[in-house]
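Residue numbers (the working numbering): 619 to 805. Here a beta-carbon is modelled for each residue, glycine too, at the ideal position from N, C-alpha and C.
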C-alpha cells in the first residue's frame, strides 16, 4: 500500500492520502475502489487509474464529491441523499461472480455545529436502516466524519449488522496523520 501511495503522490501531486485495505477473504480480482472528495481538478487523475473500466464519479465544487472505480458494472449505483441535506451518497449493487454485493459510499457533514452533526447522524441512521432492509452482503465506506469510538459509529454497526474491518488494536490515524499531536482515526 505504501508503494501505491507513493506512486499516486508522485504521478498526480497528491499531498494527503489515506488507503485502507479490506481484511478477510477477498476473491482474486475482487477489488473496487471508493473515492471520497472528488473535485473537477482531481477527475483526470481518477480517470487515469488503469484496470477499472467501470466508473461512477460525482464531481462537485465542494469537498463532497464521490466516486467508485470498479472491475464490475456500476450502473446499479444510484445517487441518494440520505439526510435530505443535498449531500450525495452512492448506494446500489454490483454483480460479482454471480452474487449481488451491495455498496454504499458516503461523505457526511463535518460535525462542527449542532445542525451539521444532526444531519451527519441522520445520514448514518438512514444508511443503517437501508442496510438492514436489504439482507445481501454489504460494503459501506467513505468519509463518515466519525471516529470508531463514537456512539454513532457503534449504533451504525449494531443497527446494520456491519463489522469494522480495521484492527481495533492498531493505531492508524487518517486525519492529520502527518501532525501527530492532532492525528486521529476518523472517516
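In the DSSP assignment, residue 673 falls within the beta strand (DSSP E) that extends over 672–676. Residue 680 and residue 727 have their C-alpha atoms spaced approximately 12 Å apart. DSSP, reduced to helix, strand and coil, places residue 696 within a strand of the structure shown. For residue 715, no beta strand (DSSP E) run applies, since DSSP gives it neither H nor E. For residue 761, the enclosing beta strand (DSSP E) stretches over residues 756–761. DSSP places residue 733 in the uninterrupted alpha helix (DSSP H) bounded by 732–751. Just measuring C-alpha positions, the residue of 742, 761, 768, 765 sitting nearest residue 684 is 761. Put simply, the backbone Cα of residue 702 is about 31 Å away from that of residue 671. The stretch 693–707 makes contact with the stretch 742–752, as at least three CB pairs between them are under 8 Å.
Around residue 781, the same chain offers 775 as residues with beta carbons nearer than 8 Å, after the five sequence neighbours per side are excluded.
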